[in-house]
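Residue numbers (my numbering): 18 to 142. A quick write-up on the structure given underneath.
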Amino acid sequence: ALTFDVVNREGNYIGGVIAPGLPLMTRYLHEKTAQLPLVELGGKIPARGDSTENAMVIGAKIGHRGMVREIFHHICDTTGSETFLCATGGYAEWALEGIGIDCVIEKDLTLYGLGEIYDFSIKQK
């Protein structure tokens, strides 16, 4: 799954979005249809859908980027003009490539958060 978490200026969680991740999209097509294969998602987006696999990769990757763009726009439109966006995770950089979203990409944000929790717990002892 792909999650979007919204935090206000005071650091309070105010909501979020849960959407299908890229691997889930292609796995679902494979599992819920009679003949569609499970496709590899590595590499560039094919120029054209000249095979079933290429057609699936194009649909999944371009569709996923479009979904990410629209969710970010929705978050910005509903939370105000001073929204700060930070993306994290393995597909973050790829998903934001070329879609015109002003966003900080921090792949290891979760690890930094765990470090902060550890530091906080040590200080409490």
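Cβ coordinates follow ideal geometry from the N, Cα and C atoms, glycine included.
Considering only Leu55, Leu102, Val85, the residue with the shortest C-alpha distance to Ile35 is Val85. In this model, Ile116 and His90 are separated by some 11 Å (Cα to Cα). Only residues of its own chain outside the window of five on either side were considered, and among them Ile122 have a CB closer than 6 Å to the CB of Ala109, listed in chain order. Remark: C-beta atoms of Leu19 and Pro40 do not approach each other more closely than 8 Å. A direct Cα-Cα distance of roughly 36 Å separates Ser138 from Ile118. According to DSSP, Thr20 shares a beta bridge with Ile35. Cβ neighbours of Val74 within its own chain (closer than 7 Å, five residues either side excluded): Val56, Leu58, Ile62, Pro63. Checking the DSSP bridge columns, you'll see Tyr30 partnered with Val24. Assignment of alpha helix (DSSP H) within the stretch 73-135, counting only whole runs of 4 or more residues, yields 109-113 in chain order. For the options Gly107, Glu48, Ile79, the alpha carbon positioned closest to that of Asp125 is the one of Gly107. Here Lys49 is exposed: its Cβ has fewer than 16 other Cβ atoms, across all protein chains shown, within 10 Å.
When the five nearest sequence neighbours on each side are left out, the beta carbons in the same chain lying within less than 7 Å of the beta carbon of Pro54 are those of His47, Thr69, Glu70, in order along the chain.
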